Amino acid sequence: MIHLPILRKGKPYRSLTVSTTPHFRTKEPFVEMSLANSGLIRRDMLDQEESWRILQGFRVQELVDITKRAGEHYLHDTLPLGDAAQSPEDYIQQISATTGLPHAMVRRNMKKIYGVMAEIDAVLSGLTRGMDMRVLDDGYGAAGGHAVSFFPRGFSLGVVLPSNSPGVHSLWIPAIALKIPLVLKPGSAEPWSPYRVIQAFIKAGMPAEVFGFYPTDHGGSGTILQSTGRCMLFGDVGAVKSWKNDPRIEVHGPGYSKVIIGDDCVDNFEEYIDVIATSIAENSGRSCINASGVWVPRRGREIAEALAERLSHIVPKRADDPDSRIAPFASPAVAERISKMIDAGLNDPGATDVSAAYRGANRLQVFDGGTYLLPTILHCESPEHGLANREFLFPFASVVEASHEQMLHAMGPTLVVTAITHDENLRSRLLTSPHVGRLNFGAIPTMKIGWDQPHEGNLFEHLYARRAFQQIAVDAEHSQPVGV
Amino acid sequence: MTPTLDTDLELRANQVKERLDAWTREIVQWHFDPNSGCPFWLNWAAEAGWDPRKEVHSYADLDKFGNFQDEWLRGGPVRRWVPKAYANSPISTFETGGSTGVPKSRISINDFRIDYELFSETLTEEHFPKGADWISIGPTGPRRLRLAVEHLAQHRGGICFMLDLDPRWVIKLIKWGEMAMMERYKAHVIDQALTLLKAHPNIQCIFTTPKLLEALCEKVSLKKLGIKGIFCGGTEMTPQFCRFAVEELLDGVYFAPTYGNTLMGLAVHKPLSADDGYAIIYYPPTPRAMIEVVDFDDSTKVVEYGQTGRVRLTTLTKEFFMPRFLERDECERERPHQMYPWDGVRNVRPFSRFSSSVVEGVY
Numbered sequence: 004m005i006h007l008p009i010l011r012k013g014k015p016y017r018s019l020t021v022s023t024t025p026h027f028r029t030k031e032p033f034v035e036m037s038l039a040n041s042g043l044i045r046r047d048m049l050d051q052e053e054s055w056r057i058l059q060g061f062r063v064q065e066l067v068d069i070t071k072r073a074g075e076h077y078l079h080d081t082l083p084l085g086d087a088a089q090s091p092e093d094y095i096q097q098i099s100a101t102t103g104l105p106h107a108m109v110r111r112n113m114k115k116i117y118g119v120m121a122e123i124d125a126v127l128s129g130l131t132r133g134m135d136m137r138v139l140d141d142g143y144g145a146a147g148g149h150a151v152s153f154f155p156r157g158f159s160l161g162v163v164l165p166s167n168s169p170g171v172h173s174l175w176i177p178a179i180a181l182k183i184p185l186v187l188k189p190g191s192a193e194p195w196s197p198y199r200v201i202q203a204f205i206k207a208g209m210p211a212e213v214f215g216f217y218p219t220d221h222g223g224s225g226t227i228l229q230s231t232g233r234c235m236l237f238g239d240v241g242a243v244k245s246w247k248n249d250p251r252i253e254v255h256g257p258g259y260s261k262v263i264i265g266d267d268c269v270d271n272f273e274e275y276i277d278v279i280a281t282s283i284a285e286n287s288g289r290s291c292i293n294a295s296g297v298w299v300p301r302r303g304r305e306i307a308e309a310l311a312e313r314l315s316h317i318v319p320k321r322a323d324d325p326d327s328r329i330a331p332f333a334s335p336a337v338a339e340r341i342s343k344m345i346d347a348g349l350n351d352p353g354a355t356d357v358s359a360a361y362r363g364a365n366r367l368q369v370f371d372g373g374t375y376l377l378p379t380i381l382h383c384e385s386p387e388h389g390l391a392n393r394e395f396l397f398p399f400a401s402v403v404e405a406s407h408e409q410m411l412h413a414m415g416p417t418l419v420v421t422a423i424t425h426d427e428n429l430r431s432r433l434l435t436s437p438h439v440g441r442l443n444f445g446a447i448p449t450m451k452i453g454w455d456q457p458h459e460g461n462l463f464e465h466l467y468a469r470r471a472f473q474q475i476a477v478d479a480e481h482s483q484p485v486g487v
Numbered sequence: 257m258t259p260t261l262d263t264d265l266e267l268r269a270n271q272v273k274e275r276l277d278a279w280t281r282e283i284v285q286w287h288f289d290p291n292s293g294c295p296f297w298l299n300w301a302a303e304a305g306w307d308p309r310k311e312v313h314s315y316a317d318l319d320k321f322g323n324f325q326d327e328w329l330r331g332g333p334v335r336r337w338v339p340k341a342y343a344n345s346p347i348s349t350f351e352t353g354g355s356t357g358v359p360k361s362r363i364s365i366n367d368f369r370i371d372y373e374l375f376s377e378t379l380t381e382e383h384f385p386k387g388a389d390w391i392s393i394g395p396t397g398p399r400r401l402r403l404a405v406e407h408l409a410q411h412r413g414g415i416c417f418m419l420d421l422d423p424r425w426v427i428k429l430i431k432w433g434e435m436a437m438m439e440r441y442k443a444h445v446i447d448q449a450l451t452l453l454k455a456h457p458n459i460q461c462i463f464t465t466p467k468l469l470e471a472l473c474e475k476v477s478l479k480k481l482g483i484k485g486i487f488c489g490g491t492e493m494t495p496q497f498c499r500f501a502v503e504e505l506l507d508g509v510y511f512a513p514t515y516g517n518t519l520m521g522l523a524v525h526k527p528l529s530a531d532d533g534y535a536i537i538y539y540p541p542t543p544r545a546m547i548e549v550v551d552f553d554d555s556t557k558v559v560e561y562g563q564t565g566r567v568r569l570t571t572l573t574k575e576f577f578m579p580r581f582l583e584r585d586e587c588e589r590e591r592p593h594q595m596y597p598w599d600g601v602r603n604v605r606p607f608s609r610f611s612s613s614v615v616e617g618v619y
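Residue numbers (this note's numbering), protein chains in the order written: chain A, 4 to 487; chain B, 257 to 619.
1) Going straight from the alpha carbon of D324/A to that of D93/A, what length do you get?
2) On the three-state DSSP scale, how would you describe I57/A?
3) What residue range is occupied by the uninterrupted alpha helix (DSSP H) comprising Q325/B?
4) Determine, using beta carbons only, whether P395/B and G490/B come nearer to each other than 8 Å.
5) Quick one: which chain A residues come within Cβ less than 8 Å of E474/B?
6) What in chain A is Cβ-close to Y534/B, meaning under 9 Å?
7) Comparing the C-beta of T494/B with each C-beta of chain A, is any distance below 8 Å?
8) Which class does H411/B belong to by DSSP, given the choice of helix, strand or coil?
9) What are the start and end residues of the beta strand (DSSP E) that includes S342/A?
10) For A343/B, count neighbouring C-beta atoms within 10 Å of its own C-beta (all shown protein chains included) and say buried if the count is 16 or more, exposed if not.
11) Going by DSSP in three states, C473/B sits in which element: helix, strand or coil?
12) On the three-state DSSP scale, how would you describe G353/B?
13) In the DSSP output, what is S430/A paired with across the bridge?
14) With a threshold of 6 Å on Cβ separation, who are the neighbours of M573/B within its own chain once the five nearest residues in sequence on each side are excluded?
15) Restricting to runs no shorter than 4 residues, where is the alpha helix (DSSP H) found entirely within the stretch 190 to 236 of chain A?
16) Just to confirm my understanding: we take K14/A, look at its own chain, exclude 5 residues before and 5 after, and list those with CB closer than 6 Å. What are they?
17) Thinking G170/A and A121/A are a contact (beta carbons under 8 Å), I'd like their distance in whole angstroms, please.
18) Just the C-alpha distance for I427/B and M418/B, rounded to the nearest angstrom, thanks.
19) Can you give, in chain order, each stretch of the alpha helix (DSSP H) that sits fully within the stretch 364 to 428 of chain B and has at least 4 residues?
20) Less than 8 Å between the C-beta atoms of R233/A and S295/A, yes or no?
21) Residues in its own chain within less than 8 Å of Y372/B by CB, not counting five upstream and five downstream?
22) From what residue to what residue does the alpha helix (DSSP H) around A360/A run?
23) Please state if the CB of I452/A and the CB of G223/A are separated by a distance shorter than 8 Å.
24) Please go through the same chain and pick out, in chain order, the residues whose beta-carbon is closer than 6 Å to the beta-carbon of V604/B, but skip the five residues on each side of it.
25) Whose C-alpha, out of G389/A, E285/A, D371/A and N167/A, is nearest the C-alpha of T29/A?
26) Any Cβ of chain B within less than 8 Å of the Cβ of G225/A?
27) Would you identify the three-state DSSP class for L164/A, choosing helix, strand or coil?
28) Short check: CB of L174/A to CB of L411/A, under 8 Å?
29) Could you check the C-alpha separation between N40/A and I69/A for me, to the nearest Å?
30) Jot down the residue ranges of each uninterrupted beta strand (DSSP E) in the stretch 504 to 567 of chain B, minimum 3 residues, whole runs only, in chain order.
31) Return the chain-ordered ranges of every alpha helix (DSSP H) run that is complete within the stretch 277 to 319 of chain B and spans a minimum of 4 residues.
32) Start and end of the alpha helix (DSSP H) containing V240/A?
33) Counting pairs of Cβ atoms below 8 Å between the stretch 377 to 390 of chain B and the stretch 313 to 321 of chain B, do you hit three or more?
34) Compare the C-beta of E504/B against all C-beta atoms of chain A and say whether one is closer than 8 Å.
35) Rounded to whole angstroms, what's the CA-CA distance from T379/A to A359/A? Just pull it up for me.
36) Measuring straight from C-alpha to C-alpha, what distance separates A530/B and E590/B?
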């Protein structure tokens with residue numbers, strides 16, 4: 004069995020405590036990971052500044068070059084995997100084995116990770132609004148005609164990662180080019196990507212000391228969140244609850260992303276069904292930027308019927324089938340619990356499982372050893388229904404009927420809103436809403452992201468703070484203070 | 257013929273078993289004699305309709321009692337547990353649990369002293385020198401540990417320094433998700449310890465818990481402070497923690513992990529070994545208490561050596577009789593050892609079937 008060690012400042016460490024993750028289909032142990040005890044993590048975090056100093060020895064442009072080279076290694080090369088080696092094809096199959104994601108989806112996620120590395124210039128430009136990155140090398144400089152200076156808010160970025168989809172790894176990768184070391188806690192079912200990205204960076208010339216890789220338990224995750232200067236936390240409602248008010252931690256919980264159709268466009272809903280269906284079902288509904296709600300002022304039932312019919316064509320296929328569009332749950336028990344939760348919610352009047360008529364009453368299906376939840380579209384008569392604003396780890400959405408005013412009042416925190424409307428009042432209200440993380444005007448899939456448009460927090464602003472800065476030039480001829 | 261090691265061990269294990277059977281008979285006679293027993297067990301026997309003094313002839317016969325119910329220890333009157341023979345002695349009561357609801361109480365007169373004096377015999381002069389002072393960095397209040405560690409120090413000719421630590425507050429902070437406050441409380445405890453350690457150079461021995469040991473070692477080198485031995489317990493320890501402590505925290509200071517609780521007493525450890533994967537192997541203070549490993553679904557059945565099961569405790573002292581108590585822990589059954597020729601337990605950890613409801617804190 005493959006064994007993944009802890010990486011302590013890049014050095015492999017084999018723990019006496021291990022966890023095993025099974026193959027989703029055979030249920031046989033597939034990968035074993037060394038688990039770090041909390042004290043070990045805490046001890047390693049005592050001298051984070053040393054790793055940070057290593058990165059200060061590079062100019063940003065050098066780190067950008069390394070990141071680009073690492074992207075190529077990540078996509079194309081055979082890289083170390085514990086004591087073994089991992090080809091790109093091994094990587095795809097291993098992710099699929101422990102998460103259930105079909106190979107085609109893993110490949111798409113792989114390209115997304117590669118994309119952030121290959122286009123790191125554009126990513127940094129988006130994060131810093133086009134700032135000359137030499138500012139970070141020199142500590143100060145000019146941006147938009149003003150003196151600017153930034154200081155790091157911490158000596159490392161701790162990231163507690165999820166297992167649902169590899170695409171999330173694109174969010175923390177730019178930290179290296181921003182001169183901040185990484186302390187990663189992988190998800191139990193998806194250790195593959197962070198480990199491979201680290202190995203790609205090392206092969207590209209990055210000192211291993213700037214990487215920590217700590218598979219650990221709940222307590223160890225807490226230690227990472229407490230001990231690193233800045234953090235990202237991915238998790239469900241329960242996991243992020245304790246940390247959401249800590250300003251050091253950027254919390255990535257459920258997205259509750261939505262497609263909103265205004266009263267002016269709803270009569271043409273057939274034109275948007277493709278975009279909405281893609282928003283719901285791409286990546287098997289596993290992303291926080293998948294739409295879990297379609298909010299409309301009227302004709303909700305018709306829209307739900309059209310979506311249910313469209314998504315009913317998505318059926319389980321073998322993992323290596325290039326047309327496979329839905330992933331099984333790594334844990335059948337989780338699928339069963341989710342399905343029961345939906346059924347319990349449907350006992351309250353005002354909501355209907357519209358998909359039942361197209362795929363049969365039972366949304367839970369076993370195929371080739373995997374347990375699936377088939378696409379499910381609900382129709383909710385009002386936003387007050389308990390299932391109107393829920394998010395689950397499969398292609399699921401509620402079509403909710405609500406007036407514009409009700410939408411704005413009831414939608415709550417929403418990571419991505421695709422607003423299909425020309426109604427200026429609705430657009431204006433969405434633009435000023437504090438609840439919307441990413442706003443698309445027009446029929447743009449919620450899943451479509453641009454590297455220059457960071458959402459759910461800006462990594463640069465998370466890692467750096469701006470200070471007021473002025474100086475008297477050494478040259479007497481330029482002795483006026485710079486800046487304000 | 258000279259006996260081989262195994263046959264010698266087997267011989268000694270049989271002697272231990274005979275001693276345990278005899279001790280069981282003596283203890284049962286004591287607790288169910290109206291002149292010496294406690295009201296709880298005398299009433300129990302009256303209601304049960306059988307006389308343990310006539311029917312218990314061996315340790316195995318204690319199965320006739322069924323499992324001891326921990327609810328019996330919650331609430332009063334606590335004096336129903338005081339044997340008549342000790343009615344006029346000074347009585348202590350120690351508590352376990354109690355983060356929410358009524359804690360379990362166990363009365364004690366001298367048991368904690370006897371247990372820790374026996375444990376003292378397992379400590380070496382090199383690592384726990386006679387006359388050295390101690391510091392107890394662990395739970396205080398109604399915990400048996402608070403008096404027991406102090407007695408251990410005094411028994412070895414030392415003085416025990418103390419600090420305040422309320423583990424129930426720590427558990428509440430964790431349940432509330434107040435992790436930052438929990439860290440501040442831990443820092444408060446460690447600050448108290450560092451002040452004492454730096455002010456009293458004759459402190460050479462420490463009792464503490466795993467998490468507090470980690471926190472302490474982040475601040476100082478215990479070796480440089482003159483510490484020679486660490487007696488560690490109070491919460492679960494994994495082999496990985498022991499390895500980490502030995503390899504990275506202690507600079508050669510001796511590390512003695514222990515397993516114990518208010519109800520059973522204190523088990524001694526087989527010395528840690530890297531060759532054995534730092535397995536933590538404990539042996540109970542037989543015949544005063546037994547730790548057995550029983551089938552998860554049939555608590556009357558002791559599992560085979562090396563098999564995993566639930567921890568079952570039996571306490572057999574003249575102060576306290578507790579047959580067949582199912583603990584919230586699991587482990588593997590371990591073979592007798594030359595130093596301790598009776599069954600032991602390996603790698604005790606929280607009972608996995610209760611894992612979602614068990615909260616362990618810093619203490």
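By construction, the Cβ of each residue, glycine as well, lies at the ideal position given by its N, Cα and C atoms.
These numbers were taken from a predicted model, which means no experiment stands behind them.
Taking the structure as given:
1) As a position in the first sequence, residue 324/A is number 321, starting the count at 1. As a position in the first sequence, residue 93/A is number 90, starting the count at 1. Roughly 16 Å between the two C-alpha positions.
2) Your numbering for residue 57/A matches position 54 in the first sequence. The answer is helix: DSSP assigns I57/A an H, G or I state.
3) Reading the second sequence from its first residue, position 69 is the one you call residue 325/B. Following the DSSP letters along the chain, one finds Q325/B in no alpha helix (DSSP H), marked with neither H nor E.
4) Here residue 395/B refers to the residue found at position 139 when the second sequence is read from its first residue. Here residue 490/B refers to the residue found at position 234 when the second sequence is read from its first residue. In contact: P395/B and G490/B (Cβ atoms closer than 8 Å).
5) In the second sequence, residue 474/B corresponds to position 218, counting from 1. What E474/B touches in chain A: R45, R46 and L49.
6) Translated into positions along the second sequence, residue 534/B becomes position 278. Under the 9 Å cutoff, chain A gives L19.
7) The residue you call residue 494/B lines up with position 238 of the second sequence. At least one chain A Cβ lies under 8 Å of T494/B.
8) For the purposes of this step, residue 411/B is taken as the residue at position 155 of the second sequence. In the displayed model, H411/B falls within a helix according to three-state DSSP.
9) The count along the first sequence starts at 1 and reaches residue 342/A at position 339. Not the beta strand (DSSP E): S342/A falls in the alpha helix (DSSP H), residues P335 to L349.
10) For the purposes of this step, residue 343/B is identified with residue 87 of the second sequence, where counting begins at 1. Exposed: under 16 other Cβ atoms inside 10 Å.
11) Numbered from its first residue, the second sequence carries residue 473/B at position 217. The answer is helix: DSSP assigns C473/B an H, G or I state.
12) Position 97 of the second sequence holds residue 353/B. Correct three-state label for G353/B: coil.
13) The residue given as residue 430/A occupies position 427 in the first sequence. The displayed chain sequence assigns Arg, not Ser, to residue 430/A. Looking at the DSSP assignment, R430/A forms no beta bridge with any residue, so it has no partner.
14) Counting from 1 along the second sequence, the entry for residue 573/B is found at position 317. Per the sequence shown, residue 573/B should be read as Thr rather than Met. Only residues of its own chain outside the window of five on either side were considered, and among them D367 and R544 have a CB closer than 6 Å to the CB of T573/B, listed in chain order.
15) 195 to 206 and 221 to 230
16) As a working mapping, residue 14/A is identified with position 11 in the first sequence. Here the set comprises nothing.
17) Taking the first sequence and counting its residues from 1, one reaches residue 170/A at position 167. Taking the first sequence and counting its residues from 1, one reaches residue 121/A at position 118. Contact between G170/A and A121/A does not hold, since their C-beta atoms are separated by about 15 Å, which reaches or exceeds 8 Å.
18) Translated into positions along the second sequence, residue 427/B becomes position 171. Translated into positions along the second sequence, residue 418/B becomes position 162. When rounded, the distance between both Cα atoms is 21 Å.
19) 367 to 376 and 400 to 411
20) Residue mapping note: residue 233/A aligns to position 230 of the first sequence, counting from 1. Residue mapping note: residue 295/A aligns to position 292 of the first sequence, counting from 1. Cβ distance not < 8 Å, so R233/A and S295/A don't count as in contact.
21) On the second sequence, position 116 is the one that residue 372/B refers to. Sequence-distant Cβ neighbours of Y372/B in its own chain, meaning closer than 8 Å and more than five residues away, are A404, V405, H407, L408, H411 and L522.
22) Residue numbering aside, residue 360/A sits at position 357 when the first sequence is read from its first letter. Start and end: A359 to R362.
23) Numbered from its first residue, the first sequence carries residue 223/A at position 220. Numbered from its first residue, the first sequence carries residue 452/A at position 449. Not a contact, by the Cβ cut-off of 8 Å.
24) Mapped onto the second sequence, residue 604/B falls at position 348. Correct list, in chain order: Y515, D585 and C587.
25) If you number the first sequence from 1, residue 29/A lands on position 26. Here the closest residue by C-alpha is D371/A.
26) As a first step, residue 225/A is located in the first sequence; it is residue number 222 there, counting from the start. Taking Cβ atoms only, chain B reaches closer than 8 Å to G225/A, which makes this a yes.
27) Taking the first residue of the first sequence as 1, we reach residue 164/A at position 161. L164/A: coil per DSSP, three-state reduction.
28) Position 171 of the first sequence holds residue 174/A. Position 408 of the first sequence holds residue 411/A. No, they are not a contact pair.
29) Taking the first sequence and counting its residues from 1, one reaches residue 40/A at position 37. Taking the first sequence and counting its residues from 1, one reaches residue 69/A at position 66. Taking the CA atoms as reference points, N40/A sits about 32 Å from I69/A.
30) 510 to 513, 515 to 517, 521 to 525, 537 to 539 and 545 to 550
31) 295 to 304 and 308 to 311
32) Position 237 of the first sequence holds residue 240/A. Element bounds for V240/A: V240 to K244.
33) no
34) The sequence position of residue 504/B within the second sequence is 248, counting from 1. By this cut-off, E504/B is an interface position.
35) Numbered from its first residue, the first sequence carries residue 379/A at position 376. Numbered from its first residue, the first sequence carries residue 359/A at position 356. Spanning the two alpha carbons is a distance of roughly 8 Å.
36) Residue numbering aside, residue 530/B sits at position 274 when the second sequence is read from its first letter. Residue numbering aside, residue 590/B sits at position 334 when the second sequence is read from its first letter. When rounded, the separation of the alpha-carbon atoms in A530/B and E590/B is 17 Å.
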